[in-house]
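Single-structure report; data block below.
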Amino acid sequence: MSAITDAVDASFEKEVAFLQELIRSPSLRGQEAGVQEIVADALNSRGYQVETFPIDIEALKDHPAYSPATIDYAGTFNVSGRKQPQNAQGRSLILNAHVDVVPTANPDHWTHPPFAAVREGDWLYGRGAGDMKAGLAANLFAVDAIEAAGFQLQAPLEFQSVIDEEVTGNGTAAAILRGASADAVLIPEPTDEDVIFANSGVIKFRISVQGVPAHPREPASGLSAIEAAFLVIGGLKTIEKRWNDEKHQHSGFDKLSNPASLNIGTIHGGEWPASIPFECKLEGRIGFYPGDTPAHRMADFEKALESLCSEDPRLARAKPELEWIGTCQAGYRLEEGSAAEAALSAAHESVTGTPLRRSIMACYLDAALYMNHCGIPALTYGPLTRNIHGIDECVNLPSLKRVTRTIALFAAHWCGVSPKSAL
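Structure below.
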């Protein structure tokens with residue numbers, strides 16, 4: 006299969022240029038249409054059967070892969086590209102990647118502007134460079150390399166470019182609702198060239214706290230919603246500790262320092278410096294272990310919040326209101342011995358000369374939707390990155406080349422190939 010890896014090498018500068026084009030099209034949540042048009046055009050030019058489709062929330066709400074949406078999806082869409090051989094055989098494959106990215110924080114703190122896609126040595130910088138536009142480019146150019154080497158896949162392949170992974174996973178859920186299915190799924194999230202064998206379940210929440218507004222000269226007559234929110238956060242930390250204390254019951258997670266990982270991501274409160282604030286809202290996420298359900302953890306979380314209020318009269322007075330927003334999904338485990346992982350492992354070792362490492366990610370992954378709701382083995386495997394969701398996010402280009410080679414060899418082995426002239 007050296008012809009395939011040689012083809013990856015020959016087109017790698019084009020792959021980097023395409024990745025730069027993706028990064029230079031900012032695709033914050035709800036603003037993915039521009040980059041999706043780039044992806045659709047790239048698929049059309051390569052002869053894929055291309056469809057674009059929106060997320061139909063009303064149709065999706067009753068599906069177990071749905072998570073509570075917090076925006077209107079109008080104007081946004083998924084992209085699907087299919088390659089269907091005339092005489093299909095072998096094993097089918099989905100190559101999935103998300104195009105939505107998280108906010109940049111203050112761009113002035115970046116070494117390079119976050120959407121400039123600056124290349125510096127072995128690294129390419131930009132929001133989404135690692136998470137996960139590099140993976141999308143690897144998927145596309147891996148298939149290109151198979152065809153450039155004179156082969157065609159023998160089994161059906163679907164290329165998925167999805168939206169809203171970062172908050173809900175509803176992009177991939179919408180693809181599943183439309184009937185997406187295959188014998189395996191590969192999602193090249195940034196994993197430092199490890200394959201992920203387990204991830205955390207995640208639930209996301211909003212808590213609204215009410216205070217009693219008053220003039221600061223009469224603080225005893227008021228109740229600060231912001232200070233009450235701090236009390237809530239302190240109480241949530243006790244939930245995090247209790248859930249983390251369970252990690253020794255879950256193989257692999259006992260090696261992580263904070264698998265439950267409570268994060269308070271936003272907080273908004275008050276309206277005037279010289280008024281005791283009436284309202285404060287905070288939003289966050291907390292993780293839990295595969296094998297458990299969101300419903301169970303949500304019930305535990307709600308009960309713990311009620312206990313906090315019963316124990317502290319200030320919180321009882323502040324009346325915290327809990328809403329579930331965004332991702333509410335279980336984690337997964339990819340058990341050793343699957344044919345899909347074996348094929349990926351062989352491809353990785355062929356490219357790198359080293360065994361494929363297995364790792365855990367204490368975060369949400371779209372692979373969980375295919376594993377938990379479709380029973381499809383889902384491989385999360387992608388390039389070396391730095392600072393995803395942070396300042397100066399970047400992807401390592403030699404690693405991206407290796408990952409593209411590996412995906413190409415994996416797809417060729419998994420789906421099977423035939424010379425183009427034979428089809």
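In my numbering, the protein residues as written are 6 to 428.
The C-beta atom is built at its ideal place from N, Cα and C for all residues, glycine as well.
Range of the contiguous beta strand (DSSP E) that encloses residue i
i    : result
G292 : 284-293
I330 : 326-334
E63  : Unbroken run through E63 is the alpha helix (DSSP H), 62-65; no beta strand (DSSP E).
F156 : 156-158
N111 : Segment: none, N111 is in no beta strand (DSSP E) and carries neither H nor E.
G274 : 268-274
P424 : 422-424
Reduced DSSP secondary structure (H/G/I, E/B, other) of residue i
i    : result
C314 : helix
V356 : helix
C368 : coil
T177 : helix
Y337 : coil
L389 : coil
D203 : According to the sequence shown, residue 203 is Ala rather than Asp. Strand at A203.
L191 : strand
L374 : helix
Q89  : coil
P221 : coil
E56  : strand
A417 : helix
R363 : strand
I9   : helix
A351 : helix
L261 : coil
I412 : helix
Residues that DSSP places opposite residue i in a beta bridge
i    : result
F306 : Its beta-bridge partners do not exist; DSSP assigns none.
W128 : E125, N401
V167 : H103
G95  : For G95, which the question treats as bridged, DSSP gives no partner whatsoever.
P118 : In the DSSP output, where bridge partners are listed per residue, P118 has none listed.
S213 : K286, E326
A383 : V190
V84  : T57, S166
Delimiting residues of the alpha helix (DSSP H) encompassing residue i
i    : result
F146 : 139-153
E18  : 17-28
Q41  : 38-50
V237 : 230-249
L33  : No alpha helix (DSSP H) holds L33; DSSP gives it neither H nor E.
Any non-hydrogen atom of the ligand MG closer than 7 Å to residue i Cβ
i    : result
L349 : Among the ligands in the structure shown, none appear at all, so the ligand MG cannot be discussed.
Neighbourhood of residue i by C-beta, 6 Å cutoff - its chain only, sequence neighbours within 5 removed
i    : result
A390 : Per the sequence presented here, residue 390 reads as Thr, with Ala not at that position. Correct list, in chain order: G135, P195, V400.
H273 : K286
S213 : K286, E326
L313 : G240, L320
Contact set for residue i: own chain, Cβ-Cβ below 8 Å, skip 5 residues either direction
i    : result
C333 : S72, P73, V207, I208, K209, P299, M303
A427 : Below a pLDDT of 50, predicted positions are generally treated as unreliable, and A427, at 47, falls in that range; no measurement from the model is reported.
D397 : W115, T116, H117, Y130, R391
Contacts around residue i, its chain only, beta-carbon distance under 7 Å, and the 5 residues preceding and following it disregarded
i    : result
D317 : L236
R96  : A160, D188, A189, W419, C420
N175 : I60, L65, Y71, S72, A74, D169
L361 : V200, L349, S350, H353, E354
| task | Determine, using beta-carbon pairs with one atom in the stretch 63-73 and one in the stretch 135-149, whether at least three such pairs fall under 8 Å. | result | no
| Between the stretch 86-96 and the stretch 153-164, do at least 3 Cβ pairs fall closer than 8 Å? | yes
| query | How about the stretch 110-130 and the stretch 177-194: do they share at least three Cβ pairs that are nearer than 8 Å? | reply | no
| Are the stretch 402-421 and the stretch 218-227 touching, with three or more C-beta to C-beta distances below 8 Å? | no
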